[in-house]
Amino acid sequence: MTGTAPDLPRLPPAYRLVALEEVDTTNAEAARRAAAGAEDGTLIWARSQTAGRGRQGREWVSPKGNLYFSIVLRPDSGIAAAAQLGFVAALAVAEAVGSVAPPMVETTFKWPNDVLFNSRKGVGILLESSLTPEGTLDWLVLGVGINVASYPGDTSFPATSLNYEAALTEDDVVNLLEAFCRSFLNWTNRWLDDGFAPIREAWLQHAVKRGETIDVRLPEETLRGIFTDLDPEGRLVLTLPDGDRRLISAGDVFFGR
Ligand code: BTN
Numbered sequence: 032m033t034g035t036a037p038d039l040p041r042l043p044p045a046y047r048l049v050a051l052e053e054v055d056t057t058n059a060e061a062a063r064r065a066a067a068g069a070e071d072g073t074l075i076w077a078r079s080q081t082a083g084r085g086r087q088g089r090e091w092v093s094p095k096g097n098l099y100f101s102i103v104l105r106p107d108s109g110i111a112a113a114a115q116l117g118f119v120a121a122l123a124v125a126e127a128v129g130s131v132a133p134p135m136v137e138t139t140f141k142w143p144n145d146v147l148f149n150s151r152k153g154v155g156i157l158l159e160s161s162l163t164p165e166g167t168l169d170w171l172v173l174g175v176g177i178n179v180a181s182y183p184g185d186t187s188f189p190a191t192s193l194n195y196e197a198a199l200t201e202d203d204v205v206n207l208l209e210a211f212c213r214s215f216l217n218w219t220n221r222w223l224d225d226g227f228a229p230i231r232e233a234w235l236q237h238a239v240k241r242g243e244t245i246d247v248r249l250p251e252e253t254l255r256g257i258f259t260d261l262d263p264e265g266r267l268v269l270t271l272p273d274g275d276r277r278l279i280s281a282g283d284v285f286f287g288r
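Using the working numbering, read the sequence shown as starting at 32 and increasing by one per residue.
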């Protein structure tokens, strides 16, 4: 449970850093600590994960060289609003990458919370939460994985890394984490002060495929329609061929043929 001192990120005082060489998953470690009372801002960072997990129960391959971290958050909001923090995190990732990587990396967003580098997935964001016995939000864990040195080859959506796109290396991981933490604080404050509207606006500016046909894979079916909008709560608005509009809270987006 150590990090070598010269490599430790310097984070704003709002965060409590726990630096690990290896862990099963930073999300699980953050959840264990949250359940034991860890405070808002506790940030678990690991150089590698042995059981990294992605959305919908998928694996997140996690060798050394990429960035893996999770933050314990205890927002006063309800669970639905808390999901908006995934969009807040995507904006912060884009800003962090923009400040560390050369401009040849075009950063865009794919609903719900993927960040693409030059049209390929380079970042995954996983939100997990726990409720109190009364049904209110107890804690939230925001997990972020950024492909810095490497990316997996066998993914359903094409993947990439910052090394492939812009020759970044493992040495950039600390800078990226520091930049993310600064941006995430700023965007979170914006969200707390002004709500989801400015987050939605900023996210939509860099969203891919708006106004175009996409496939949305749901547990029971795959829908094809036009990605029309992001609604005021963060749901995907999909217009089906018959003109019906569906509001989608969870699913996987693909770009089809
Ligand atoms: C996705 O499926 O796109 C989400 C991937 C989230 C990966 C990150 S890596 C840090 C944290 N720990 C995990 O096990 N998952 C998240």
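Just so it is clear, CB atoms sit at the ideal spot from N, CA and C, and this is done for glycine as well.
Subject >> Buried versus exposed, by CB contacts within 10 Å (16 or more), R40 >> reply: Taking the sequence shown and counting its residues from 1, one reaches residue 40 at position 9. The sequence shown places Pro at residue 40, rather than the Arg named in the question. Buried, since its Cβ has 16 or more Cβ neighbours within 10 Å.
Original post:
Could you give the distance in angstroms between the alpha-carbon of V175 and the alpha-carbon of G287?
Top reply: Residue mapping note: residue 175 aligns to position 144 of the sequence shown, counting from 1. Residue mapping note: residue 287 aligns to position 256 of the sequence shown, counting from 1. Each residue's alpha carbon lies about 26 angstroms from the other.
**OP:** State the CB to CB distance for the pair L261 and G282, rounded to an integer number of angstroms; the pair is presumed to be in contact (CB under 8 angstroms).
**Re:** Position 230 of the sequence shown holds residue 261. Position 251 of the sequence shown holds residue 282. Contact between L261 and G282 does not hold, since the beta-carbon distance rounds to 13 angstroms and is not under 8 angstroms.
Original post:
Would you call the segment 104-112 and the segment 127-140 in contact, with 3 or more CB pairs under 8 angstroms?
Top reply: Because the criterion of three Cβ pairs below 8 angstroms is not met, the segment 104-112 and the segment 127-140 do not touch.
Original post:
When we look at the beta-carbon of F100 and count the other beta-carbons within 10 Å, is it buried (16 or more) or exposed?
Top reply: The count along the sequence shown starts at 1 and reaches residue 100 at position 69. Counting the other Cβ atoms within 10 Å of the Cβ of F100 gives 16 or more, which makes it buried.
**OP:** Under 7 angstroms Cβ to Cβ from V146, same chain only, skipping five residues before and after it: list those, please.
**Re:** Numbered from its first residue, the sequence shown carries residue 146 at position 115. Excluding sequence neighbours, V146 sits near A121, V124, A125, T138, F140, G153, V154.
**OP:** Run the CB neighbour count on G220, radius 10 Å, all protein chains shown included, and call it buried at 16 or more, exposed below.
**Re:** Taking the first residue of the sequence shown as 1, we reach residue 220 at position 189. According to the sequence provided, residue 220 is Asn. The question's Gly does not apply to it. Around the beta carbon of N220, fewer than 16 other beta carbons sit within 10 angstroms, so the residue counts as exposed.
Original post:
Span of the alpha helix (DSSP H) holding Y195?
Top reply: Against the sequence shown, residue 195 aligns to sequence position 164. Per DSSP, Y195 belongs to the alpha helix (DSSP H) from 193-197.
Original post:
Just curious, the alpha helix (DSSP H) that S214 is in, first and last residue?
Top reply: Counted from its first residue, the sequence shown places residue 214 at position 183. For S214, the enclosing alpha helix (DSSP H) covers residues 204-225.
**OP:** Please classify T73: is it buried, with 16 or more other beta-carbons within 10 angstroms of its beta-carbon, or exposed?
**Re:** For the purposes of this step, residue 73 is taken as residue 42 along the sequence shown, with counting starting at 1. Result: buried.
Subject >> Length-filtered (4 minimum) alpha helix (DSSP H) runs lying within the segment 98-172 >> reply: For the segment 98-172, whole alpha helix (DSSP H) runs of length 4 or above, ordered along the chain, are 110-113, 116-131.
Original post:
Going by C-alpha distance, which of R276, L157, C212 is nearest W91?
Top reply: In the sequence shown, the residue the question calls residue 91 occupies position 60. Residue L157 is the option with its Cα nearest to W91.
**OP:** Let me know the secondary structure DSSP gives E60 once reduced to three states.
**Re:** By 1-based counting over the sequence shown, the position of residue 60 is 29. Secondary structure at E60: helix, using DSSP grouped into helix, strand and coil.
Subject >> Contact the segment 59-70 vs the segment 158-165: 3+ CB pairs below 8 angstroms >> reply: Flag = yes, the segment 59-70 and the segment 158-165 touch.
**OP:** Could you please give me the residues that DSSP links to V239 through a beta bridge?
**Re:** Along the sequence shown, read from residue 1 onward, the residue named residue 239 stands at position 208. Partner(s): none; V239 has no beta bridge.
**OP:** Specify whether the segment 73-83 and the segment 46-62 touch according to this definition: at least 3 beta carbon pairs, one from each stretch, less than 8 angstroms apart.
**Re:** Three or more pairs of CB atoms, one per stretch, sit closer than 8 angstroms, so the segment 73-83 contacts the segment 46-62.
Original post:
What residue from T191, A113, A190, A69 has the CA that sits closest to S280's CA?
Top reply: In the sequence shown, the residue the question calls residue 280 occupies position 249. By alpha-carbon distance to S280, the top candidate from T191, A113, A190, A69 is A113.
**OP:** Determine the burial state of M32: buried for a count of at least 16 other Cβ atoms within 10 Å of its Cβ, exposed for fewer.
**Re:** One-based indexing of the sequence shown puts residue 32 at position 1. The predicted position of M32 is uncertain, since its pLDDT is 42 and thus under 50; no value can be drawn from it.
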